[in-house]
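In the numbering used here, the protein residues as written are 2 to 316.
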C-alpha cells in the first residue's frame, strides 16, 4: 500500500511539474553546463556608461526601442561579450507595455537595424487578464514571466515544435526585480504560439511564463538567435539613459566625424612657430613674401652695384 501511495505521489508531482511548464520536456534535459557566475552586471557612473554606449550609436537609427532598456542591453553585452558566443544580434523585450503593442525588438548589431514583434507574457504575471504583466517571478509553478538577462540555448521539439531554450543570467536579488536563473528548469523557452499575432493590435494571449511569439516569424527569429545570443526582458531601465552623441557638445564621439560634426571633430589649427613673433615686421611672414630677410639692405646694394658694373662693360 505504501509503495502504491509513493508511486501515486511521484506521478502527481511529475504531472504537476508538466502542467506548470509551458513546454514540457524530459527532466534530464533541463540542466545546462553554462556557468552564469562568469557574467557580470555592469555598475558604472554616467561618464563610463557614455563612453561605451556611444560606440553603439549606429543601433536603432529610427529610435523604436526604449532607450533606457537598449542602453542596459548594450552595456551588458559590451562588458560580457568575450563570453557571449553569438554577437551578431540581441533581443530587448519591454514587459511594461500592453501585450497588443510591439514590445519585442530584434537588434542587428552589425547593421543597427531593428525588427519589431509582439510577444506573450505569463498568465501568472497577468492574473486579471487585462493585457498587462505586473507581477514577475522565478519560481516553478508560478507561470510568471521572469525579468533579466538571458542567453539563448539550443533548439528542440517539445510541446511546441522548434522551441528555443533560455538560460537565465540574473540571480535572485538583482535590481529591478530581475531573477531568472530557474528559467531552464521551469522550461521557460521561446516558442511559437497561435495566440500571438504580429498583425493583431489588440490583447495577445498568455503563456505559462514563456516569451512566446507569432508562429509565422518564430522559425526565422529563433534560427538567428539560438545557442548564445543575449536576450533582455525588463520593465524599466537600470539607470537613466545617457543618450546618443550630440553635435556641439565639444566631444567627438559615437558616430560623429569631421564631415558630420565639424564643431566637435574638426582638427585644430596648427600652433604657430614659437620661435617667431608674428608682430615683428622683419619676420618671414611679414616681409619678402616668404623670402629670407637674411640679405640685409647692404647685401641688396652690393648686388645692384655688380649689376651696374656688368652693364658698363657691355657698352
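A virtual CB, placed ideally from N, CA and C, is assigned to each residue, including glycine. Please read these numbers as outputs of a predicted model, since none were measured by experiment.
A residue is called buried when at least 16 other Cβ atoms come within 10 angstroms of its Cβ; residue 158 does not meet this threshold and is exposed. Rounded to whole angstroms, the Cβ separation of residue 210 and residue 147 is 7 Å, and the two are in contact under 8 Å. Bridge pairing for residue 118: 105 [DSSP].
Along the stretch 179 to 241, the alpha helix (DSSP H) occurs as fully enclosed runs of 4 or more residues at 216 to 226, listed in sequence order. When rounded, the separation of the alpha-carbon atoms in residue 188 and residue 65 is 30 Å. For residue 213, the closest of 259, 162, 183 by C-alpha to C-alpha distance is 162. Ranked by Cα distance from residue 83, the options 208, 41, 112, 233 are led by 41.
If you look at residue 243, you'll find it isn't in any alpha helix (DSSP H); DSSP assigns it neither H nor E. Between residue 34 and residue 51, the alpha-carbon positions lie close to 34 Å from each other. Residue state for residue 137 is assigned as coil, using DSSP reduced to three classes. Around residue 239, the same chain offers 73, 176, 177 as residues with beta carbons nearer than 7 Å, after the five sequence neighbours per side are excluded.
When the beta-carbon positions are compared, residue 205 and residue 117 stay at least 8 Å from each other. Where residue 153 is concerned, the enclosing beta strand (DSSP E) starts and stops at 149 to 157. Within the same chain, 153, 156, 165 come within 6 Å of residue 227 by CB-CB distance, once the 5 residues on both sides are set aside.
In the DSSP assignment, residue 53 falls within the alpha helix (DSSP H) that extends over 47 to 54. Excluding five sequence positions before and after residue 249, the CB atoms of its chain that fall closer than 8 Å to its own CB belong to 262, 264, 265, given in chain order. Assignment of beta-bridge partners to residue 167 by DSSP yields 153.
Between the C-alpha atoms of residue 123 and residue 168 there is a straight-line separation of about 17 Å. Beta-bridge partners of residue 90 (DSSP): 109. With contacts defined by Cβ atoms closer than 8 Å, residue 43 and residue 80 form a contacting pair.
In the structure shown, residue 95 falls within a strand segment according to DSSP collapsed to helix, strand and coil. Judged by DSSP in its simplified three-state form, residue 249 adopts coil rather than helix or strand. The beta carbon of residue 150 sits closer than 6 Å to those of 77, 170, 171, 233, all from its chain and outside the five residues before and after it, given in chain order. In this structure, the straight-line span from the alpha carbon of residue 225 to that of residue 45 is close to 31 Å. Residue 123 is bridged by DSSP to 208.
With fewer than 16 other beta carbons inside 10 angstroms of its own, residue 200 counts as exposed.
Close CB contacts of residue 197 within its chain, under the 6 Å cut and outside five residues either way in sequence, are with 119, 121, 205, 213, 214, 215 (chain order). For residue 36, the closest alpha carbon among the candidates 223, 182, 195 is that of 182. Pairing residue 63 with residue 184, the inter-Cα distance amounts to about 32 Å. By a beta-carbon distance limit of 8 Å, residue 109 contacts residue 90. Their separation comes to about 6 Å.
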